[in-house]
Amino acid sequence: MCVIRLPNEVRHILFFNGLLSLLFPLNCLICHSGLGSDNRKYLCPTCWGKIKLIEESVCSKCGRHSFLTVCSSCQGERYFFARARAAGVYEGVLRECIHFFKYRKKAYLAHPLGELLIDGMSSDEDLREADFLVPVPLDGRRFREREFNQAHLLAQVVSRDFKIPISSRNLRRVRSAPPQTQLSRKEREKNVKGLFEVRNREKYEGRKILLIDDVFTTGATVNECARVLKGAGAEEVSVLTVARGE
Ligand SMILES: [Zn+2]
Ligand SMILES: [Zn+2]
Numbered sequence: 000m001c002v003i004r005l006p007n008e009v010r011h012i013l014f015f016n017g018l019l020s021l022l023f024p025l026n027c028l029i030c031h032s033g034l035g036s037d038n039r040k041y042l043c044p045t046c047w048g049k050i051k052l053i054e055e056s057v058c059s060k061c062g063r064h065s066f067l068t069v070c071s072s073c074q075g076e077r078y079f080f081a082r083a084r085a086a087g088v089y090e091g092v093l094r095e096c097i098h099f100f101k102y103r104k105k106a107y108l109a110h111p112l113g114e115l116l117i118d119g120m121s122s123d124e125d126l127r128e129a130d131f132l133v134p135v136p137l138d139g140r141r142f143r144e145r146e147f148n149q150a151h152l153l154a155q156v157v158s159r160d161f162k163i164p165i166s167s168r169n170l171r172r173v174r175s176a177p178p179q180t181q182l183s184r185k186e187r188e189k190n191v192k193g194l195f196e197v198r199n200r201e202k203y204e205g206r207k208i209l210l211i212d213d214v215f216t217t218g219a220t221v222n223e224c225a226r227v228l229k230g231a232g233a234e235e236v237s238v239l240t241v242a243r244g245e
């Protein structure tokens, strides 16, 4: 049997790289190609480049890509938030990333996904005026399963960059809601009614609040949060998510 004896330095490097790869994935999460030294985003530049950003011509209400000031699905809708903005379209690579983040407990993805939120806020002065970042509260059962609230991890990344404090305990979930993936927009609105409450109303009196979440689907959940926050005296509520439907 042939045994190759490696010099000590090489063995040390291999050992160190092995440790590193345990701590940080050295391959792209999506296509598995090697990441080299720039593994901060956990995705290779090709995969990262496939994320469809929503940068201009957006509906002033819901943030969907639209050439109309208010898109057709927002006309006649009653929102309690002033504006919702999303960094990218919920499809392909971004959708996969959010699934890894939420359902496969890859909490470290809060950093690259949070950077998308930071980019979105950098170009939007209204969002940066917030007094508090409020992560959308997670259902207690889901929190136990997941062990973290993805919205809270994202808010931490944004908070560090813009020095806006997080308020994560004042808006809380009062009860669980049945899963709403199969529900229509109207059914979702009914499903989320009365889900949240504000503990200390004085804290939000006359304040601007930026709600943070991972995905904006129909907006029913964030709209209900905004309704409760406005009811507690908040001057204005905006919404920022990593992704939304096209
Ligand atoms: Zn890749
Ligand atoms: Zn709209």
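For the sequence shown, numbering that gives the first Met the number 0 assigns the number 245 to the last residue and increments by one with no breaks.
Note that the Cβ used here is the ideal one computed from N, Cα and C, for glycine as well.
Local Cβ density within 10 Å of residue i, reported as buried at 16 or more and exposed below that
{"i": "L67", "result": "exposed"}
{"i": "N199", "result": "exposed"}
{"i": "H151", "result": "buried"}
{"i": "A231", "result": "buried"}
{"i": "K207", "result": "buried"}
{"i": "G119", "result": "buried"}
{"i": "V173", "result": "exposed"}
{"i": "E235", "result": "buried"}
{"i": "R84", "result": "buried"}
{"i": "S121", "result": "exposed"}
{"i": "T217", "result": "buried"}
For residue j and residue i, the rounded distance between their alpha carbons
{"i": "E90", "j": "G244", "result": "8 Å"}
{"i": "L25", "j": "L34", "result": "6 Å"}
{"i": "R127", "j": "L52", "result": "19 Å"}
{"i": "V238", "j": "R82", "result": "6 Å"}
{"i": "N169", "j": "F142", "result": "17 Å"}
{"i": "V221", "j": "V135", "result": "7 Å"}
{"i": "I117", "j": "K49", "result": "18 Å"}
{"i": "D123", "j": "V88", "result": "18 Å"}
{"i": "R103", "j": "C46", "result": "19 Å"}
{"i": "C30", "j": "K192", "result": "41 Å"}
{"i": "A129", "j": "K40", "result": "27 Å"}
Residue i: CB within 7 Å of a non-hydrogen atom of ligand 2
{"i": "V69", "result": "yes"}
{"i": "S65", "result": "yes"}
{"i": "S237", "result": "no"}
{"i": "K105", "result": "no"}
{"i": "S56", "result": "no"}
Paired residues, beta bridge with residue i - DSSP
{"i": "H64", "result": "V57"}
{"i": "D212", "result": "T240"}
{"i": "P111", "result": "Paired residues: none, contrary to the question."}
{"i": "G26", "result": "In the sequence on display, residue 26 carries Asn and not Gly. In DSSP, N26 forms a bridge with G33."}
Residue i CB to nearest heavy atom of ligand 1 below 7 Å
{"i": "C96", "result": "no"}
{"i": "S42", "result": "Note on residue identity: the sequence assigns Leu, not Ser, to residue 42. Checking every heavy atom of ligand 1 against the Cβ of L42, one is found closer than 7 Å."}
{"i": "C224", "result": "no"}
{"i": "C73", "result": "no"}
Between the stretch 112-129 and the stretch 233-243, do at least 3 Cβ pairs fall closer than 8 Å? With the cut-off at 8 Å, the stretch 112-129 and the stretch 233-243 touch.
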